[in-house]
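One structure is given here, and the rest of the page talks about it.
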Amino acid sequence: MAANTDLSDFLRTCRTNTAPETAGIVAPDATAGRRVRGLRREEVAHLAGVSVDYYTRLEQGRHSTPSDAVVDALARVFRLEPAARAHLADLARPTRQRTRQTPPQRVRPAMQQMIASMTEHPAMILGRRTDVLAANLLARALLTDWTRLPARDRNYTRWIFLDSGARAAFLDWPSVAADVVGTLRLYAGRNPDDTRLNELVGELTIKSPEFRTWWNSHKVHERTHGTKHMIHPAVGPITLRYEALTLPGDEDQTLFLYTADPGSSSQENLRLLGLTVNPGD
């Protein structure tokens, strides 16, 4: 059996980042004399109710398919949030169950028409590995015109890290970028044999030190909702709330819908931006 290096790396990172006092191993004032950062392997094994040899084999990638009970126990020891727990479960799946065919994605014409009709709200649909599958006029004016890019470059993560316009667009770019990497990590756990994903990660690892650092941290992030603080060269600052909605029947496609608070300066700036792409409105 091939070593499960993804599971090994994730467990090692979790163990290193779990404070002994958080796990109840030692009192907060008793950590100064410890020689290791985080928990020791034997401490994790004890808290999870498994043998030290068993956990050591897991962390070394020599045993890659822990049971659901062991996954739950480790998630409890490391205080993993739901998205990270799901990621651990994905990494623990048998290799024969992890490979699947990924044909090219297409957005249904009805969905294309729906987001195109949203003239007051930016909207876009992301697919596997954060590929940009569709975006309405206002989203393209707010971010970038994906239709002008080569097909392989129509990827949100790639744009975030390799386009200087993305760094200028987000006032909190480091937070936005780190979350995007966490989203890609979550996808990678579910799709470890995605060739295009591996090519994307390889390119970004070489070209972006920030991406390389955040990717190696093994943190995961699940997109649900949030706030984006942006500035547009044509209209100024815009603060937007977004909702991430998984499309029924297309679980690998996510609709992102952005709105500004009613009566706010952001709503007015968004309206002005809309006039640049819908001058007749």
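Per the working numbering, the sequence shown starts with residue 7, numbered consecutively. The beta-carbon is built from N, C-alpha and C at its ideal position, and this holds for glycine as well. These numbers were taken from a predicted model, which means no experiment stands behind them.
**Report entry** C-beta contact flag for Val241 and Asn275 at 9 Å
**Finding:** Translated into positions along the sequence shown, residue 241 becomes position 235. Translated into positions along the sequence shown, residue 275 becomes position 269. Yes, the Cβ-Cβ distance between Val241 and Asn275 is below 9 Å.
Query raised in the report: Just how far apart, CA to CA, sit Thr105 and Asn197?
Result: Position 99 of the sequence shown, counted from the start, is the residue given in the question as residue 105. Position 191 of the sequence shown, counted from the start, is the residue given in the question as residue 197. Caution applies to Thr105, whose pLDDT of 48 falls short of 50 and renders its modelled position unreliable; the value that the coordinates give is listed next. Here the C-alpha atom of Thr105 lies approximately 7 Å from the C-alpha atom of Asn197.
Requested in this report: Determine the extent of the alpha helix (DSSP H) in which Arg191 is found, giving its start and end residues.
Outcome: As a position in the sequence shown, residue 191 is number 185, starting the count at 1. Trp179 to Arg196 is the extent of the alpha helix (DSSP H) around Arg191.
Report task. Measure the CB-CB distance between Arg164 and Thr153 and report whether it falls below 9 Å. Result -> Taking the first residue of the sequence shown as position 1, residue 164 is located at position 158. Taking the first residue of the sequence shown as position 1, residue 153 is located at position 147. Against a cut-off of 9 Å, the Cβ pair of Thr153 and Arg164 comes out as no contact.
Query raised in the report: If you compare alpha carbons, which of Arg160, Gly255, Ser170 and Cys20 is closest to Ala141?
Result: For the purposes of this step, residue 141 is identified with residue 135 of the sequence shown, where counting begins at 1. Looking from the CA of Ala141, the closest CA among Arg160, Gly255, Ser170 and Cys20 belongs to Arg160.
Query - From Asp74, Gly30 and Ala81, residue whose alpha carbon lies closest to that of Arg18 - result: Counting from 1 along the sequence shown, the entry for residue 18 is found at position 12. Considering only Asp74, Gly30 and Ala81, the residue with the shortest C-alpha distance to Arg18 is Ala81.
Query raised in the report: When we look at the beta-carbon of Arg224 and count the other beta-carbons within 10 Å, is it buried (16 or more) or exposed?
Result: Here residue 224 is taken as the residue at index 218 of the sequence shown, counted from 1. Rather than Arg, the amino acid found at residue 224 in this sequence is His. With 16 or more Cβ atoms within 10 Å of its Cβ, His224 is classed as buried.
Query - Segment limits, beta strand (DSSP E) that includes Thr233 - result: Translated into positions along the sequence shown, residue 233 becomes position 227. Thr233 -> beta strand (DSSP E) spans His231 to His238.
Query raised in the report: So what does Ile244 bridge to, in DSSP terms?
Result: Here residue 244 refers to the residue found at position 238 of the sequence shown. Ile244 is bridged by DSSP to Met236.
Query raised in the report: Going straight from the alpha carbon of Val186 to that of Trp179, what length do you get?
Result: The residue you call residue 186 lines up with position 180 of the sequence shown. The residue you call residue 179 lines up with position 173 of the sequence shown. Taking C-alpha positions only, Val186 is separated from Trp179 by approximately 10 Å.
Query raised in the report: Less than 9 Å separating the beta-carbons of Val182 and Ala194?
Result: Your numbering for residue 182 matches position 176 in the sequence shown. Your numbering for residue 194 matches position 188 in the sequence shown. No, they are not a contact pair.
Report task. Could you tell me whether the Cβ atoms of Leu149 and Ala172 are closer together than 9 Å? Result -> Counting from 1 along the sequence shown, the entry for residue 149 is found at position 143. Counting from 1 along the sequence shown, the entry for residue 172 is found at position 166. Going by C-beta atoms, Leu149 is nearer than 9 Å to Ala172.
Query raised in the report: Do you know how far the Cα of Leu281 is from the Cα of Leu13?
Result: Mapped onto the sequence shown, residue 13 falls at position 7. Mapped onto the sequence shown, residue 281 falls at position 275. Taking the straight line joining both Cα atoms gives about 50 Å.
Query raised in the report: Terminal residues of the continuous alpha helix (DSSP H) containing Gln119?
Result: Taking the sequence shown and counting its residues from 1, the one referred to as residue 119 is at position 113. Where Gln119 is concerned, the enclosing alpha helix (DSSP H) stretches over Pro115 to Ala122.
Query raised in the report: Arg91 to Glu65, Cα distance in whole Å?
Result: Within the sequence shown, residue 91 is the residue found at index 85, counting from 1. Within the sequence shown, residue 65 is the residue found at index 59, counting from 1. Between the alpha carbons of Arg91 and Glu65 lies a gap of roughly 16 Å.
**Report entry** Option in Leu261, Asp267 and Gly269 with minimal Cα separation from Thr136
**Finding:** One-based indexing of the sequence shown puts residue 136 at position 130. That would be Leu261, whose Cα lies nearest to the Cα of Thr136.
Query raised in the report: What's the gap between the Cα of Glu257 and the Cα of Val113?
Result: Here residue 257 refers to the residue found at position 251 of the sequence shown. Here residue 113 refers to the residue found at position 107 of the sequence shown. Each residue's alpha carbon lies about 12 Å from the other.
Report task. Let me know the secondary structure DSSP gives Ile131 once reduced to three states. Result -> Here residue 131 refers to the residue found at position 125 when the sequence shown is read from its first residue. In the three-state scheme derived from DSSP, where H, G and I count as helix and E and B as strand, Ile131 is classed as strand.
Report task. With a threshold of 16 other CB atoms inside 10 Å of the CB of Lys213, please say whether the residue is buried or exposed. Result -> Counting from 1 along the sequence shown, the entry for residue 213 is found at position 207. Counting Cβ neighbours within 10 Å, Lys213 comes out exposed, since fewer than 16 surround it.
Query raised in the report: What does a CB cutoff of less than 7 Å around Thr265 pick up in its chain, not counting 5 residues either side in sequence?
Result: In the sequence shown, the residue the question calls residue 265 occupies position 259. Non-local C-beta neighbours of Thr265 in its own chain, meaning closer than 7 Å and more than five positions away in sequence, comprise His127, Leu246 and Arg247, ordered along the chain.
Requested in this report: Figure out for me which residue from Thr22, Phe16, Leu45 and Cys20 has the closest Cα to the Cα of Gly30.
Outcome: Sequence index remark: in the sequence shown, residue 30 carries index 24 (1-based). Out of Thr22, Phe16, Leu45 and Cys20, Leu45 has the C-alpha closest to the C-alpha of Gly30.
Query raised in the report: Span of the beta strand (DSSP E) holding Gln259?
Result: As a first step, residue 259 must be located in the sequence shown, where it is residue number 253. Per DSSP, Gln259 belongs to the beta strand (DSSP E) from Asp256 to Thr265.
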